[in-house]
Amino acid sequence: MRVGLPRMHRETGEKRDFLPSFVASLDAAEAEEIVLEHGYGAQMGVPATDYGASSSKARFGSFQDCLAQDVVLQIRCLPEQFFGELRPGAVLMSMMHYQTRPERVRKLAQLGVRAVSLDGLVDDYGRRLIENLAAVGWNGVEAAFMELARSYPNFDDPARPPIRATVLGSGAVGAHAVHAASRYGDARLRDDMAAGGMMGVEVRVVDYDLTCHEDYMRSLLRSTDLLIDATQRPDPTRHVVSNDWLSEMPGHAVLLDLSVDPYDFSVDPPIVKGIEGMPQGTLDKFVFHPHDAAYEELDRPIATQHRRVALSCYSWPGRNPRDCMKVYGAQLEPILRVVLTKPVDEWDIDADSLYERALARAEIKRWLKSATA
Amino acid sequence: MVEIGNGIDGSVSGAKAGVTLGLPCMGQEPEERRDFLPSLARRVGNLGLDVFVETGLGAAMGYSDSDYFNASDRVRVVERSEAFAQDVVLVLRSPDDRFELMKPGATLVSMLHFPTRVQRYRRLKELGIEGVALDLIGDDSGRRLVENMEAVAWNGLEATFGALAQTYGGFKTHDREPIRVTIMGAGMVGKHAIEAATKYGSLERARVLSGYPGVEVTVLGRNLTSDGGYLRRRLGVTDVLVDSAYRSDSSRPLIPNEWIVDMPEHAVVCDLSVDPYLLDADPPTVRGIEGIPQGTLEQYVFWPHDPNWRATIPHAIPDTNRRTSVSCYSWPGIHPRACMHKYEEQLLPCLERLLAAGGAASLKVDGGYLERALYRASMGAWSALL
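Protein chains in written order, with the numbering used here: chain A, 12 to 384; chain B, 114 to 499.
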């Protein structure tokens with residue numbers, strides 16, 4: 012099997028490419044040839060020679076050349092306009108987010124691309140095999156506390172009460188967010204604050220059986236300095252916190268969006284964010300102050316009247332690209348052997364192999380079958 | 114020589130010819146029912162390797178010798194000594210009294226906890242046994258590959274909310290406030306405890322109580338648990354107190370017994386950290402919440418007037434102030450089949466890599482993903498540190 016590693020061509024802040032150690036893993040997993048797009052790794056400061064040294068099977072080629080291979084691997088999914096350049100039957104491995112990207116799924120299936128959603132690779136207990144949720148939690152919370160340190164009137168005052176963070180959602184992202192928030196998103200800052208005698212961070216976590224109680228939520232928001240959306244909503248067409256409720260929050264409060272649900276008005280009903288009125292951020296711009304033009308660019312049905320400093324990023328792990336790709340590369344390593352040595356049609360959902368079962372579940376054709384069953 | 118079989122990693126891969134696996138019974142206290150399942154014996158047999166199962170394995174979970182024997186024609190049911198006499202021996206909890214049954218050069222795969230069990234490490238070394246600590250198998254980021262922290266948290270919280278349903282008169286009333294859970298510690302166990310607490314420790318119970326006001330969880334890190342004034346106020350509004358803290362100083366409790374009096378009478382204390390009382394050690398170790406008993410798989414709920422309350426608490430430790438407490442040295446063991454199924458799923462890819470290498474002595478620090486993880490858990494990697 013020949014593998015293509017195209018660059019992502021997203022915002023300038025998106026620097027992530029797989030590291031040379033991952034190319035060596037592809038070689039060890041019996042890839043016939045590894046085609047890297049010209050300039051691969053350059054934005055992270057990795058010289059082209061490092062890739063060449065990692066495998067004799069590696070060569071550089073064009074973007075189109077990469078897309079023409081048997082297996083195409085990229086962390087964020089290719090823009091849909093390039094799907095047609097993939098070969099029918101090719102395996103495309105990316106963070107697909109099938110559930111909230113219905114149009115993406117439809118097009119891939121129509122073209123006969125054997126997509127594998129990296130975010131859908133889970134073990135028998137639902138634990139993701141390819142994830143950097145710790146980086147989602149920590150990078151987002153770190154950035155949020157940097158803003159809160161500016162907006163909170165007495166952040167460095169030993170007489171202030173504990174900072175109060177509220178996390179919506181208690182799943183894997185929420186758990187990392189709690190861990191990070193209890194440490195100000197930055198272990199050094201935590202140590203400095205403790206040494207200065209400042210009280211720490213009280214983190215409250217609420218799940219769907221409380222977020223639906225308006226009176227309770229309004230009361231909770233009144234005493235919330237940092238509100239974190241880490242929900243995984245069964246129905247992404249409904250907000251968890253309406254914009255009107257935000258009026259209860261202190262003026263210095265900060266909002267943090269850790270979910271990756273985008274706005275999508277191309278479907279009916281539209282897909283919306285968990286906190287109503289949050290702009291969608293990128294690696295280039297992820298902090299939005301109340302007068303930011305981004306609010307005006309949101310579609311009309313979204314209420315944005317009540318605003319606080321808001322942080323949102325499509326890809327929080329991308330803020331530390333090398334660390335992020337080291338994690339993803341290592342997690343993908345044991346899966347590659349199945350992908351590169353066993354035809355996709357033979358992946359068995361009941362196989363002895365944990366990795367083969369996970370791949371079979373995350374493959375688009377089988378996923379569609381189970382989703383419609 | 115390498116025998117070709119269907120690899121657990123899904124590809125065609127090699128299992129080193131002639132390498133054998135022994136699966137002895139755990140042989141711990143009577144209420145410890147866990148053993149590796151027939152499915153693990155079958156899957157290793159499918160690799161083309163012989164598996165030697167001790168007679169009686171899995172009996173406490175309802176399995177018979179024939180369940181193992183029939184799993185694969187590579188499985189043999191043998192006496193204990195023969196199960197221990199194989200190239201690789203797999204037992205969940207360390208068989209400290211049976212190391213001598215193993216042959217020099219063999220590999221023991223078990224929860225060996227090298228950092229806190231130096232004597233165990235030395236004994237294995239003396240006997241020439243290679244060890245791989247299941248609790249230390251971690252990926253390049255330090256994430257444990259074989260762990261059941263989820264079961265620690267969920268089983269503990271399930272028992273806790275079961276107790277709270279009895280102590281808290283308003284538990285099943287629609288006009289009550291949200292149940293308030295305070296969790297000390299946001300590490301590995303604490304993370305799972307957060308989710309478990311928001312679901313009353315059980316998805317089934319959460320479904321039944323879906324129309325009631327839910328659970329508000331408050332998590333406290335070290336810089337709040339060290340503030341006595343704050344913590345006592347917090348205890349006053351806490352229905353469930355969970356200790357999942359990793360203390361930097363285990364010679365002092367986070368919650369002295371006198372503070373327990375601040376908690377509502379109906380409150381329940383949930384111990385997930387399972388630190389022991391070791392007053393003779395230097396420095397001594399005390400429990401995070403002072404004056405609570407240490408439970409077992411046989412008894413893990415202690416009501417305030419329980420006759421066994423003091424049985425595990427040293428004389429010098431005060432316990433005057435009591436709230437219903439749940440504690441167990443092995444929370445995953447509450448549901449043994451589910452626990453062993455989970456360990457099996459996590460362990461199999463690692464086990465295949467170990468068997469392919471022929472044992473721990475051949476593991477390389479710069480091998481593949483799984484080999485690196487195994488190497489880090491081996492005695493070879495720890496020899497420099499201990």
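The beta-carbon is built from N, C-alpha and C at its ideal position, and this holds for glycine as well.
Nearest neighbour of residue i, chosen from the options [CA to CA]
i, options, result
"residue 186 of chain A", "A:378, A:292, A:243", "A:243"
"residue 201 of chain B", "B:157, B:274, B:325", "B:157"
"residue 189 of chain A", "B:190, B:304, B:489, B:360", "B:304"
"residue 280 of chain A", "A:52, A:226, A:153, A:249", "A:249"
"residue 353 of chain B", "B:297, B:252, B:403, B:182", "B:297"
"residue 214 of chain B", "B:136, B:479, B:190", "B:136"
"residue 199 of chain B", "B:131, B:179, B:274, B:229", "B:131"
"residue 234 of chain B", "B:306, B:340, B:251, B:212", "B:212"
"residue 356 of chain A", "A:306, A:153, A:123", "A:123"
"residue 205 of chain B", "B:237, B:236, B:259, B:253", "B:259"
"residue 332 of chain A", "A:300, A:311, A:294, A:121", "A:294"
"residue 47 of chain A", "A:18, A:286, A:110", "A:18"
"residue 383 of chain A", "A:110, A:246, A:308, A:139", "A:110"
"residue 43 of chain A", "A:102, A:80, A:72", "A:80"
"residue 144 of chain B", "B:173, B:438, B:254, B:274", "B:173"
"residue 162 of chain B", "B:479, B:475, B:410, B:467", "B:467"
Residues that residue i contacts on chain B, provided the C-beta gap is smaller than 8 Å
i, result
"residue 107 of chain A", "The contacting residues do not exist; residue 107 of chain A stays about 21 Å from chain B at best."
"residue 227 of chain A", "291, 326"
"residue 55 of chain A", "The contacting residues do not exist; residue 55 of chain A stays about 17 Å from chain B at best."
Within chain A, the residues that residue i reaches when beta carbons sit closer than 8 Å
i, result
"residue 307 of chain B", "181, 185, 186, 189, 216"
Residue burial classification, residue i (beta-carbon count within 10 angstroms, cutoff 16)
i, result
"residue 496 of chain B", "exposed"
"residue 297 of chain A", "buried"
"residue 272 of chain A", "buried"
"residue 353 of chain A", "buried"
"residue 447 of chain B", "buried"
"residue 342 of chain A", "buried"
"residue 355 of chain B", "buried"
"residue 392 of chain B", "exposed"
"residue 268 of chain B", "buried"
"residue 153 of chain B", "buried"
Residue i: contacting residues in chain B (beta-carbon distance under 7 Å)
i, result
"residue 220 of chain A", "323, 327"
"residue 194 of chain A", "334"
"residue 30 of chain A", "None at all; the shortest Cβ gap to chain B is about 12 Å."
"residue 212 of chain A", "334"
"residue 201 of chain A", "336"
Rounded C-alpha distance that separates residue i from residue j
i, j, result
"residue 192 of chain B", "residue 368 of chain A", "35 Å"
"residue 62 of chain A", "residue 31 of chain A", "5 Å"
"residue 350 of chain B", "residue 376 of chain B", "7 Å"
"residue 100 of chain A", "residue 74 of chain A", "19 Å"
"residue 311 of chain B", "residue 195 of chain B", "47 Å"
"residue 338 of chain B", "residue 331 of chain B", "12 Å"
"residue 122 of chain B", "residue 347 of chain A", "Low per-residue confidence applies at residue 122 of chain B: pLDDT is 48, beneath 50, and the placement is therefore not dependable, though the value from the model is reported in the following sentence. Taking the straight line joining both Cα atoms gives about 10 Å."
"residue 291 of chain A", "residue 156 of chain A", "19 Å"
"residue 220 of chain A", "residue 268 of chain A", "20 Å"
"residue 195 of chain A", "residue 153 of chain A", "7 Å"
"residue 114 of chain B", "residue 175 of chain B", "Here residue 114 of chain B scores only 32 on pLDDT, less than 50, and its place in the model should not be relied on; the value that follows carries that caveat. Straight-line Cα distance between these residues: approximately 39 Å."
"residue 184 of chain A", "residue 360 of chain A", "27 Å"
"residue 317 of chain A", "residue 238 of chain A", "14 Å"
"residue 126 of chain A", "residue 338 of chain A", "21 Å"
"residue 289 of chain A", "residue 340 of chain A", "32 Å"
"residue 383 of chain B", "residue 145 of chain A", "26 Å"
Cross-chain neighbours of residue i in chain D, by beta carbon under 9 Å
i, result
"residue 337 of chain A", "This model lacks chain D altogether; the protein chains it does include are A and B."
Closer than 7 Å at the beta carbon, the chain A residues around residue i
i, result
"residue 311 of chain B", "181, 216, 218"
"residue 481 of chain B", "39, 344"
"residue 458 of chain B", "134, 135, 365"
"residue 352 of chain B", "What residue 352 of chain B touches in chain A: nothing, since even the nearest Cβ is about 14 Å away."
Proximal chain B residues relative to residue i, where beta-carbon distance stays under 9 Å
i, result
"residue 341 of chain A", "252, 253, 254, 482, 485"
Closer than 9 Å at the beta carbon, the chain A residues around residue i
i, result
"residue 340 of chain B", "173, 210, 211"
Decide yes or no for the touch test of the region 171-185 of chain A against the region 214-230 of chain A: beta carbon pairs closer than 8 Å, at least 3 of them.
The answer is yes - the region 214-230 of chain A touches the region 171-185 of chain A, with three or more Cβ pairs under 8 Å.
Can at least three beta-carbon pairs, one atom from the region 233-252 of chain B and one from the region 485-495 of chain B, be found at a separation below 8 Å?
Cβ pair count under 8 Å is three or more, so yes.
Stretch-stretch touch, CB-based, cutoff 8 Å, three pairs: the region 431-438 of chain B with the region 455-475 of chain B
For the pair of segments examined, the region 431-438 of chain B was found not to touch the region 455-475 of chain B: the number of CB pairs separated by less than 8 Å stays below three.
Can we say the region 369-380 of chain A touches the region 123-137 of chain A, given the rule of at least three CB pairs closer than 8 Å?
With the cut-off at 8 Å, the region 369-380 of chain A and the region 123-137 of chain A touch.
Is it a yes or a no for the region 254-262 of chain A touching the region 228-236 of chain A, going by three-plus beta-carbon pairs under 8 Å?
Counting Cβ pairs under 8 Å, three or more are found: they touch.
Assess, as a yes-or-no matter, whether the region 457-464 of chain B is touched by the region 477-489 of chain B under the definition of 3 or more beta carbon pairs within less than 8 Å.
Yes, they touch.
Is the region 357-368 of chain B touching the region 383-400 of chain B, taking contact as three or more C-beta pairs under 8 Å?
They touch, by the three-pair rule.
If we count Cβ pairs, one from each stretch, closer than 8 Å, do we get three or more for the region 41-58 of chain A versus the region 20-30 of chain A?
The region 41-58 of chain A makes contact with the region 20-30 of chain A, as at least three CB pairs between them are under 8 Å.
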